[in-house]
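First residue of the sequence shown: 1245, per this note's numbering; consecutive thereafter. C-beta: ideal position from N, C-alpha, C; glycine also.
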Amino acid sequence: MAVVLKSPTVAIGQGQPAPAGLAGFNFEDLSQRAKSQLETCDRELVRIRERAVAEAKRIQQQAHEEGLQAGRAVAAAEADERLRHQVEERVGKLVSATEGMLRQITESHQAWMADYAESLTATAVAIAERVVRQCLRQEPELIARWAEEALWAARSADRLTVAVHPETLAELGPKLDELLTRPGLPEDISIIPDETVPREGVSVRQTGGEVSATLQGQLERLAEALNDA
1245 MAVVLKSPTV AIGQGQPAPA GLAGFNFEDL SQRAKSQLET CDRELVRIRE RAVAEAKRIQ
1305 QQAHEEGLQA GRAVAAAEAD ERLRHQVEER VGKLVSATEG MLRQITESHQ AWMADYAESL
1365 TATAVAIAER VVRQCLRQEP ELIARWAEEA LWAARSADRL TVAVHPETLA ELGPKLDELL
1425 TRPGLPEDIS IIPDETVPRE GVSVRQTGGE VSATLQGQLE RLAEALNDA
């Protein structure tokens, strides 16, 4: 900053002493003061420059941190999205695996139940066969009752033939002959020996078919009833 010094204008003649005010003016002091003021200005400029540099660094650091925060936010969002996709994919695989496992368990259970039902039916039929065979040994007339049921089922036919194993015919002949005289049966009815007929039963034949009244037939009907239950 320039310093302007003013003093009253005084004409100084030759031989006249200088005025007291001019005689008291010190140029060296003025130079020192100007130098000091310049140094003060320099120091102030340095401080301003330092503050500007510091502010610039602060702004730069803030921008960097904000950028990092923004970057972190973007990275976090991307990580969340990847995690969501991974979770969805994992859950989808788990759901598919669980559904497959449930299907396998259901199929295995159904297969086991089918095998169990088949085994149970076979066991029940085997037990029934043993019981019926025991009953037939003690009461062979049971075959005659089967024959009666078969004759009654085929009574609408014009002609009936009762095929019986020879041994069964020899044992139950009179009872079977009595059955043929029951009312409601066709007049054309007869009994014949047939070795192809099982020992435990009879076969009532008619035109176009027959009614089997054998132990095997009884057991087959029992198995069908159990399977349908």
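Annotated three-state conformation of V1455 is strand, per DSSP. Assigned with DSSP and collapsed to three states, G1311 falls in helix. Contact between the region 1456-1465 and the region 1420-1440 is absent: fewer than three C-beta pairs spanning the two stretches fall below 8 Å. Of A1414, D1432, Q1330 and A1370, the smallest CA-CA separation from P1384 is found for A1414. Sixteen is the threshold: since fewer than 16 other Cβ atoms of the shown chains lie within 10 Å of the Cβ of E1411, the residue is exposed. Separation of the CB atoms of A1397 and V1446 is rounded to 12 Å, and the pair is thereby denied contact status at 8 Å. Residue environment: R1426 is assigned as exposed (fewer than 16 neighbouring CB atoms within 10 Å of its CB, all protein chains considered).
Going by beta carbons, A1469 and A1391 fall outside the 8 Å limit. A straight line joining the alpha-carbon of A1358 with that of R1377 spans about 28 Å. Under the three-state reduction of DSSP output, S1434 falls in the strand class.
Between R1449 and A1388, the C-beta spacing is not below 8 Å. Contact check for T1451 and R1403: beta-carbon distance about 7 Å, within the 8 Å limit, so the pair qualifies. One alpha carbon belongs to A1361, the other to E1431, and they sit about 45 Å apart. Here T1440 carries a coil assignment [DSSP, helix/strand/coil].
By the beta-carbon neighbour count (other beta carbons within 10 angstroms, threshold 16), H1409 is buried.
When beta bridges are read from the DSSP output, L1404 appears opposite I1433. In the DSSP assignment, R1449 falls within the unbroken beta strand (DSSP E) covering G1445 to Q1450. Of the other Cβ atoms in all chains shown, 16 or more fall within 10 Å of the Cβ of A1401; this residue is therefore buried.
Nearest in C-alpha terms to G1461, of all of A1394, E1343, I1303 and N1471, is A1394. The distance from the Cβ of T1365 to that of N1471 is about 6 Å, consistent with a contact at the 8 Å cut-off. The C-beta distance from L1420 to E1444 rounds to 14 Å, too long to fall under 8 Å, and the pair is not in contact.
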